[in-house]
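At position 403 of the sequence shown the residue is numbered 403 (UniProt numbering), and the sequence of numbers has no breaks. Here is the structure we will look at.
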Amino acid sequence: MIAESFQPLVVGLILIALFAAFVREWFKPDVAVMLAVAALLVLGLLDSSQVLSVFSNSAPVTIACLFVISAALEKTGCVDRLGDWIGQASGGRERRLLVGLLLAGLLVSPFINNTPVVMVLMPAVISMAARYRIAPSRLLIPLSYATILGGIITMVGTSTNILVDGVARDMGLAPFSMFEISAPAMLIALVGCVFMYFAAPRFLPIRETLTQQFTGSGDRTFMTELFVPQGSRLAGRTLHEARLTNGTVSVLKLFRNDEEFSAPKPGMRLEVGDKLVVHSRSSDMVDLRSTDLVGLQAARADDSQDLETLRRQDVVIVEAIVGSSSRYVQRPIRDLDLLARYGIHLVAVHRKDASIQDIVDDFQLQFGDVLLVEGTRSQIKRFCDNGDLFAITDGKAPTNRQHKAPIALATIAGVMLLAALNVMPIEGLAIIGAAVVVATGCVRPDETYKTIEWPIIILIFGMLAISIAMRESGLAAMLASALVTLGEGWSPWAMLALTILIVSIATELISNNAVAVLFTPIVIGVAQHLGVDPRPFVVGVMFAASASFATPIGYQTNTLVYSAGNYRFTDFARLGIPLNLIVWLSCVILIPLFWPLTPV
Numbered sequence: 001m002i003a004e005s006f007q008p009l010v011v012g013l014i015l016i017a018l019f020a021a022f023v024r025e026w027f028k029p030d031v032a033v034m035l036a037v038a039a040l041l042v043l044g045l046l047d048s049s050q051v052l053s054v055f056s057n058s059a060p061v062t063i064a065c066l067f068v069i070s071a072a073l074e075k076t077g078c079v080d081r082l083g084d085w086i087g088q089a090s091g092g093r094e095r096r097l098l099v100g101l102l103l104a105g106l107l108v109s110p111f112i113n114n115t116p117v118v119m120v121l122m123p124a125v126i127s128m129a130a131r132y133r134i135a136p137s138r139l140l141i142p143l144s145y146a147t148i149l150g151g152i153i154t155m156v157g158t159s160t161n162i163l164v165d166g167v168a169r170d171m172g173l174a175p176f177s178m179f180e181i182s183a184p185a186m187l188i189a190l191v192g193c194v195f196m197y198f199a200a201p202r203f204l205p206i207r208e209t210l211t212q213q214f215t216g217s218g219d220r221t222f223m224t225e226l227f228v229p230q231g232s233r234l235a236g237r238t239l240h241e242a243r244l245t246n247g248t249v250s251v252l253k254l255f256r257n258d259e260e261f262s263a264p265k266p267g268m269r270l271e272v273g274d275k276l277v278v279h280s281r282s283s284d285m286v287d288l289r290s291t292d293l294v295g296l297q298a299a300r301a302d303d304s305q306d307l308e309t310l311r312r313q314d315v316v317i318v319e320a321i322v323g324s325s326s327r328y329v330q331r332p333i334r335d336l337d338l339l340a341r342y343g344i345h346l347v348a349v350h351r352k353d354a355s356i357q358d359i360v361d362d363f364q365l366q367f368g369d370v371l372l373v374e375g376t377r378s379q380i381k382r383f384c385d386n387g388d389l390f391a392i393t394d395g396k397a398p399t400n401r402q403h404k405a406p407i408a409l410a411t412i413a414g415v416m417l418l419a420a421l422n423v424m425p426i427e428g429l430a431i432i433g434a435a436v437v438v439a440t441g442c443v444r445p446d447e448t449y450k451t452i453e454w455p456i457i458i459l460i461f462g463m464l465a466i467s468i469a470m471r472e473s474g475l476a477a478m479l480a481s482a483l484v485t486l487g488e489g490w491s492p493w494a495m496l497a498l499t500i501l502i503v504s505i506a507t508e509l510i511s512n513n514a515v516a517v518l519f520t521p522i523v524i525g526v527a528q529h530l531g532v533d534p535r536p537f538v539v540g541v542m543f544a545a546s547a548s549f550a551t552p553i554g555y556q557t558n559t560l561v562y563s564a565g566n567y568r569f570t571d572f573a574r575l576g577i578p579l580n581l582i583v584w585l586s587c588v589i590l591i592p593l594f595w596p597l598t599p600v
């Protein structure tokens, strides 16, 4: 048993290790949190009853049920229809399209989870951009940012708000009502969107998507794995004779039986069964596919026949992005087996800032990776239905449940209205709403579990347990006291500004949900030290923990558009840092107007 005086230090060290695991990506966030909880249990800083008590917190159950309700709006085509309306109203003009996307984010995200909103609207945006000759890179970051801003408007717009409310309730604060935060949040969101309207066209680049580059309109390089099948006319030829060493195409590795050859010489002869990791320009990639080399997914000789059948059909090339809850995350590419399962050929893989040498058959997929796949439209539709990967360009599967859209809309409207009237707590209404959309077929029973972002739910449960350890060990009180000491002599308004700034910076580095749970008890302690109402400080955490604009890793929607829009890391900072400062300043001005910093 650790001495009481050392407990805050030990909990603090575990938190530092957890932050390092988040930032360095040593483990998936949910796994890292579970390891931290296990360490707290082993060291006696948490007991089993305290860990089990987190399951009585209503926030994770509410969030899980809202995932299901959000999926109903997606599966019934409601969000798709919104994308169609935006395209028609824009008339092909970039500014109008930008306004439509900003409004869509503000109008939809307050009521459904913003990740599926971005996931569903991305293909529509990319398709419209291609139709009107607009670079998708001019639109996708604003879409992500608008959904983030829209999500803070209601208590159910983002899991962060629900989570902060749950932690605050556990610490004795009165629950927040459905629209209690809406007035200041709407003003903050509007200010942010006005800024984006003027700044996005100036700061965002014009870049092609992965598909555009692959089909020959760009010069960016890609990595793929090629296979020499039985009967190939290239067998027996040297790499030079096969035109695989011409300067724009290079073979990084060659695998033969159990041997691996790094950077093989141009004079090395190819043999049947050889696998090659190839690096080339997008325009050369098309030429490679027309040779007798079989592409990435075909790791066995008997796949080549299926591939030839596929190529004789009317096929399309489609980008597909790996979802956050995909079962393929942290698993190697070979586990997809798309050719055998769906009749689809995996052509190439793209990850922002990945090392070229990493792209091999054992390459482990991550959330946000983009796969370039080839198949017929019917095969692509079947491929999209599994929920692990999502087509973000041509080939998106049409919904066949549009007749159930009124049920989905009525359900979400009923949940919002009854929550606003305080007929029942939001957690009860969310459970009823989820049951309704499943019972009516808006979401099939077998889809229900796939719609829930289980890593987020596990992360939340784990962070709630860590929050208990922070409070019980005295670490939360010590950190609150340290903040007050840092701002000794400052007014409550200045301390509010400081805490919002710290939370905003932290959420750029680690999960927004983790930040929300960690900082809520700290800011409540700060308010108690100052002798003022903690409510404005709690609202500051809600807004700041969601305001992740400066990096592509702080918020899921940013990670989604990062690869899909072919952005660079600095593209987010260029537009996001000024937006972060604007949101911070807006919070500091508006929050005290709605929740005065009065002594209690």
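Built from N, CA and C at the ideal position, the CB exists for glycine as well.
Query, Result
"Phe195 by DSSP, collapsed to three states: which one?", "helix"
"Can you give me the C-alpha to C-alpha distance between Gly273 and Asp337, rounded to a whole angstrom?", "18 Å"
"Can you tell me which of Leu43, Met186, Ile333, Pro596 puts its alpha carbon nearest to the alpha carbon of Val538?", "Pro596"
"Judging by CA-CA distance, which residue of Ile152, Ala146, Ser159 is the nearest neighbour of Val194?", "Ala146"
"When DSSP labels each residue in this structure, what does Ile317 get in the three-state scheme?", "strand"
"Would you call the region 166-179 in contact with the region 513-524, where contact means no fewer than 3 C-beta pairs closer than 8 Å?", "yes"
"In the DSSP assignment, find the alpha helix (DSSP H) that holds Glu271 and state where it starts and stops.", "Counting along the chain, Glu271 falls outside any alpha helix (DSSP H), and DSSP gives it neither H nor E."
"Would you list the residues sitting across from Phe261 in a DSSP beta bridge?", "Leu254"
"Starting from His529, trace the beta strand (DSSP E) in both directions and tell me its first and last residue.", "Where His529 is concerned, there is no enclosing beta strand (DSSP E), although the alpha helix (DSSP H) it sits in stretches over 512-530."
"Using beta-carbon positions only, say whether Gly105 and Leu66 come within less than 9 Å of one another.", "no"
"Go ahead and label Trp85 buried or exposed: buried means 16 or more other beta carbons lie within 10 angstroms of its beta carbon, across all protein chains shown.", "exposed"
"So, are the CB atoms of residue 613 and Ala469 less than 9 Å apart?", "Because the chain in this structure spans residues 1 to 600, residue 613 falls outside the shown range and cannot be described."
"Taking the runs of the beta strand (DSSP E) that are 3 residues or longer, which of them lie wholly in the region 385-460?", "389-391"
"Applying the 10 Å Cβ sphere with the 16-neighbour rule, what's the burial state of Trp584?", "buried"
"Nearest to Leu459 by CA position, among Leu9, Ala3, Phe27, Ser5, is which residue?", "Phe27"
"Does the distance from the CB of Met542 to the CB of Ile181 come in under 9 Å?", "yes"
"Going by DSSP, name the residue or residues bridged to Gln88.", "None, per the DSSP bridge assignment."
"Please report the residue range of the alpha helix (DSSP H) in which Ala174 lies.", "Ala174 -> no alpha helix (DSSP H), and no H or E assigned at all."
"Anyone know if the C-beta pair for Val117 and Ile426 falls short of 9 Å?", "no"
"Let's test the definition: count the other Cβ atoms within 10 Å of the Cβ of Leu421 and tell me whether it reaches 16, buried, or not, exposed.", "exposed"
"Would you call the region 572-587 and the region 481-494 in contact, with 3 or more CB pairs under 8 Å?", "no"
"Excluding the 5 residues flanking Ile500 on each side, which residues of the same chain have their C-beta closer than 7 Å to its C-beta?", "Gly540, Ala544, Trp584, Cys587, Val588"
"For Pro534, which residues of its own chain have a beta-carbon under 6 Å away from its beta-carbon, when the five flanking residues on both sides are left out?", "Ile524, Ala527"
"Anyone know if the C-beta pair for Asp335 and Ser563 falls short of 9 Å?", "no"
"Which same chain residues, not among the five before or five after Ala405, have their C-beta less than 7 Å away from its C-beta?", "Thr76, Gly77, Cys78"
"What's the C-alpha gap between Ala439 and Pro445?", "8 Å"
"Kindly indicate the opening and closing residues of the alpha helix (DSSP H) around Gly565.", "Looking at the DSSP string, Gly565 is not in any alpha helix (DSSP H), and its letter there is neither H nor E."
"CB Ala514 to CB Val37, shorter than 9 Å?", "no"
"Measure the alpha-carbon distance for Pro552 versus Pro536 and round it to whole angstroms.", "28 Å"
"For His529 and Phe594, what's the separation of their Cα atoms in angstroms?", "21 Å"
"With 16 as the cutoff for other CB atoms within 10 Å, does Val11 come out buried or exposed?", "buried"
"Grouping DSSP H, G and I as helix and E and B as strand, with all else coil, what is Ala17?", "helix"
"If you measure from the CB of His403, is any heavy atom of the ligand COA nearer than 8 Å?", "Looking for the ligand COA in the displayed structure turns up nothing, as the structure carries no ligands at all."
"May I have the straight-line CA-CA distance separating Phe55 from Phe461, to the nearest angstrom?", "7 Å"
"In terms of DSSP beta bridges, what is His240 paired with?", "BP columns for His240 are empty, so no partner."
"Go through the region 97-171 residue by residue and report every complete run of the alpha helix (DSSP H) that reaches 4 residues or more, in order.", "114-131, 140-151, 159-170"
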